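Numbering (the working numbering), first residue to last: 83 to 585. Here's the structure, in structure tokens; my notes come after.
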């Protein structure tokens with residue numbers, strides 16, 4: 083084998099292309115492309131979308147055909163259903179933060195990993211260990227456990243244990259912490275201006291605990307930390323943070339993976355392939371989701387040929403990958419039962435002036451305030467109230483409501499009935515804001531607080547300055563069906579034992 087071919091083989095092992103099976107994509111073409119890249123030596127894939135039966139059939143078959151293992155990773159912060167329809171749906175991490183029970187976090191991680199493994203997914207890209215301590219942060223929010231680093235560290239380590247007890251790999255993200263950013267690294271390069279003492283005491287603490295708990299992989303942030311490094315580079319490209327702090331100081335020997343290379347935060351003034359080389363030079367092992375995997379591998383191979391030390395770095399990264407693929411993390415335990423209903427109930431948090439429980443036969447104006455235009459938003463809440471004998475008058479409020487929708491909402495409010503405003507506001511890449519759109523926020527603020535209960539099907543930071551004065555608030559932290567059903571039970575008088583995990 084010629085040296086250049088050997089270098090290219092090493093480089094290809096470290097590039098993680100996508101298997102994109104989301105609705106609207108050509109699934110046959112996506113499978114064919116993924117198989118081509120695996121045949122060429124890719125060490126893993128990142129999965130988006132897919133159907134349960136197809137994944138459970140094709141991924142194991144593909145591993146058998148190749149005769150070698152490879153990683154299949156996916157963003158599963160809210161359960162396998164975040165990618166795969168009909169799979170386990172978990173509330174966001176902030177619900178675990180509100181429940182604040184390490185055992186429940188461990189069970190959630192275990193249940194998620196057990197189902198993921200059954201579908202052929204062995205690399206859980208979670209938990210998020212960023213702090214939810216910046217209300218203006220547009221990309222963390224309810225993805226994080228809490229604002230308190232001790233709570234995040236405790237729950238994050240428990241979640242990691244749950245995932246890895248089943249035999250999957252967990253991935254703590256986004257080192258050294260994305261919580262203090264005011265921008266989304268999908269479309270900008272954020273800079274965290276906190277001082278070094280604060281960063282070490284707060285942002286870095288959950289990651290240090292995850293390393294001590296044996297987390298198998300760790301994802302870097304496309305974020306600059308001037309107080310930690312003078313380079314001015316995002317952490318993904320910064321040897322002071324990856325080779326220095328993480329490897330040399332903390333002694334971490336697991337896999338370090340970049341956040342997605344398609345993101346603008348890592349491409350400031352650099353071509354994608356050059357950013358990939360800089361990431362490996364900094365100490366990263368795996369290069370996640372580039373737009374042009376072939377170009378990245380070719381440039382990385384050329385870099386490896388420039389200096390024996392460069393090639394040795396690729397060889398070390400490949401050795402870490404092989405160790406992860408040959409892992410024996412644990413003998414999988416019996417998968418725990420679905421923890422979502424219990425988690426949703428234990429997370430519920432009540433704030434503000436208490437309102438009487440809704441009773442069968444009561445009239446309720448149910449305003450479905452959805453910032454993201456999700457199909458079926460609020461249906462589970464509406465159905466649960468109706469099943470209890472409540473006379474529900476549903477009406478939708480959007481950022482740009484139609485005249486008919488506006489009239490339905492006005493008519494529902496005009497009855498003088500009890501008002502329940504169910505509010506959803508998901509954290510989304512490229513959304514560009516942390517909370518509700520201005521139009522929807524204004525409509526929510528204008529509701530009659532003295533007869534309104536706001537059901538926050540989102541994190542509290544999303545509704546800063548948007549709550550009606552004097553309203554009761556019930557935080558469910560997510561819009562998943564289990565969260566909606568738990569919220570309905572609380573409206574009907576069930577307890578809400580959670581503790582708000584953010585200021």
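The C-beta atom is built at its ideal place from N, Cα and C for all residues, glycine as well. All values reported here derive from a predicted model rather than from experimental measurement.
Look at the alpha carbon of residue i and the alpha carbon of residue j, and state the distance between them as a whole number of angstroms.
{"i": "residue 167", "j": "residue 105", "result": "11 Å"}
{"i": "residue 216", "j": "residue 256", "result": "15 Å"}
{"i": "residue 100", "j": "residue 92", "result": "19 Å"}
{"i": "residue 537", "j": "residue 428", "result": "15 Å"}
{"i": "residue 548", "j": "residue 530", "result": "13 Å"}
{"i": "residue 112", "j": "residue 340", "result": "22 Å"}
{"i": "residue 161", "j": "residue 188", "result": "13 Å"}
{"i": "residue 476", "j": "residue 486", "result": "13 Å"}
{"i": "residue 576", "j": "residue 514", "result": "36 Å"}
{"i": "residue 312", "j": "residue 244", "result": "37 Å"}
{"i": "residue 459", "j": "residue 303", "result": "32 Å"}
{"i": "residue 432", "j": "residue 119", "result": "50 Å"}
{"i": "residue 388", "j": "residue 94", "result": "17 Å"}
{"i": "residue 230", "j": "residue 582", "result": "11 Å"}
{"i": "residue 498", "j": "residue 534", "result": "11 Å"}
{"i": "residue 88", "j": "residue 394", "result": "12 Å"}
{"i": "residue 85", "j": "residue 121", "result": "Only weak support exists for where residue 85 lies, its pLDDT of 45 falling under 50; the coordinates are left without a value."}
{"i": "residue 246", "j": "residue 298", "result": "8 Å"}
{"i": "residue 258", "j": "residue 381", "result": "27 Å"}
{"i": "residue 263", "j": "residue 543", "result": "14 Å"}
{"i": "residue 404", "j": "residue 134", "result": "27 Å"}
{"i": "residue 107", "j": "residue 352", "result": "29 Å"}
{"i": "residue 30", "j": "residue 360", "result": "Look at the range of the chain in this structure, 83 to 585, and you will see that residue 30 is not part of it."}
{"i": "residue 274", "j": "residue 210", "result": "17 Å"}
{"i": "residue 550", "j": "residue 316", "result": "40 Å"}
{"i": "residue 137", "j": "residue 566", "result": "29 Å"}
{"i": "residue 102", "j": "residue 190", "result": "26 Å"}
{"i": "residue 141", "j": "residue 192", "result": "21 Å"}
{"i": "residue 241", "j": "residue 150", "result": "28 Å"}
{"i": "residue 461", "j": "residue 366", "result": "44 Å"}
{"i": "residue 124", "j": "residue 98", "result": "7 Å"}
Within 10 angstroms of the Cβ of residue i, are there 16 or more other Cβ atoms? Answer buried if so, exposed if not.
{"i": "residue 571", "result": "buried"}
{"i": "residue 202", "result": "buried"}
{"i": "residue 435", "result": "exposed"}
{"i": "residue 291", "result": "buried"}
{"i": "residue 148", "result": "exposed"}
{"i": "residue 267", "result": "buried"}
{"i": "residue 83", "result": "Legend: pLDDT at residue 83 = 39, less than 50; position of this residue unreliable, value from coordinates given subsequently. Under this definition residue 83 is an exposed residue."}
{"i": "residue 260", "result": "buried"}
{"i": "residue 288", "result": "buried"}
{"i": "residue 512", "result": "exposed"}
{"i": "residue 426", "result": "buried"}
{"i": "residue 31", "result": "Nothing about residue 31 can be reported from this structure: the residues present for the chain run from 83 to 585 only."}
{"i": "residue 276", "result": "buried"}
{"i": "residue 372", "result": "buried"}
Below 8 Å between beta carbons: does that hold for residue i and residue j?
{"i": "residue 546", "j": "residue 506", "result": "no"}
{"i": "residue 197", "j": "residue 153", "result": "no"}
{"i": "residue 281", "j": "residue 338", "result": "no"}
{"i": "residue 503", "j": "residue 467", "result": "no"}
{"i": "residue 176", "j": "residue 224", "result": "yes"}
{"i": "residue 409", "j": "residue 444", "result": "no"}
{"i": "residue 305", "j": "residue 364", "result": "no"}
{"i": "residue 248", "j": "residue 199", "result": "yes"}
{"i": "residue 553", "j": "residue 568", "result": "no"}
{"i": "residue 463", "j": "residue 578", "result": "no"}
{"i": "residue 455", "j": "residue 490", "result": "no"}
{"i": "residue 278", "j": "residue 309", "result": "yes"}
{"i": "residue 539", "j": "residue 560", "result": "yes"}
{"i": "residue 350", "j": "residue 286", "result": "no"}
My assumption, with CB atoms under 8 Å, is that residue i sits in contact with residue j. Please give the rounded CB distance.
{"i": "residue 564", "j": "residue 447", "result": "Actually they do not touch by this definition, with Cβ atoms about 24 Å apart."}
{"i": "residue 399", "j": "residue 129", "result": "Actually they do not touch by this definition, with Cβ atoms about 22 Å apart."}
{"i": "residue 343", "j": "residue 358", "result": "6 Å"}
{"i": "residue 238", "j": "residue 254", "result": "7 Å"}
{"i": "residue 206", "j": "residue 158", "result": "5 Å"}
{"i": "residue 519", "j": "residue 584", "result": "At roughly 21 Å, the Cβ-Cβ gap does not stay under 8 Å, so residue 519 and residue 584 are not in contact."}
{"i": "residue 232", "j": "residue 214", "result": "Contact flag wrong, Cβ pair sits at about 14 Å."}
{"i": "residue 90", "j": "residue 383", "result": "4 Å"}
{"i": "residue 451", "j": "residue 522", "result": "6 Å"}
{"i": "residue 144", "j": "residue 117", "result": "7 Å"}
Closest Cβ-Cβ distance between residue i and chain C: below 8 Å?
{"i": "residue 234", "result": "Going by chain labels, chain C is absent from the structure shown, which holds only one protein chain."}
If you scan the stretch 139-176 from start to end, which runs of the beta strand (DSSP E) of 3 or more residues do you find wholly inside it?
153-156
Mind pulling the alpha helix (DSSP H) runs of 4 or more residues that sit fully within the stretch 375-447?
375-388, 390-407, 422-429
Please list the segments of the alpha helix (DSSP H) lying wholly inside the stretch 444-476, counting only runs of 4 or more residues, in order along the chain.
461-469
Beta strand (DSSP E) runs wholly inside the stretch 249-326, at least 3 long, in chain order:
251-257, 299-302
Can you list the beta strand (DSSP E) stretches of 3 or more residues lying completely in the stretch 480-514, in chain order?
500-506
What alpha helix (DSSP H) runs, 4 residues minimum, are completely inside the stretch 111-135?
none
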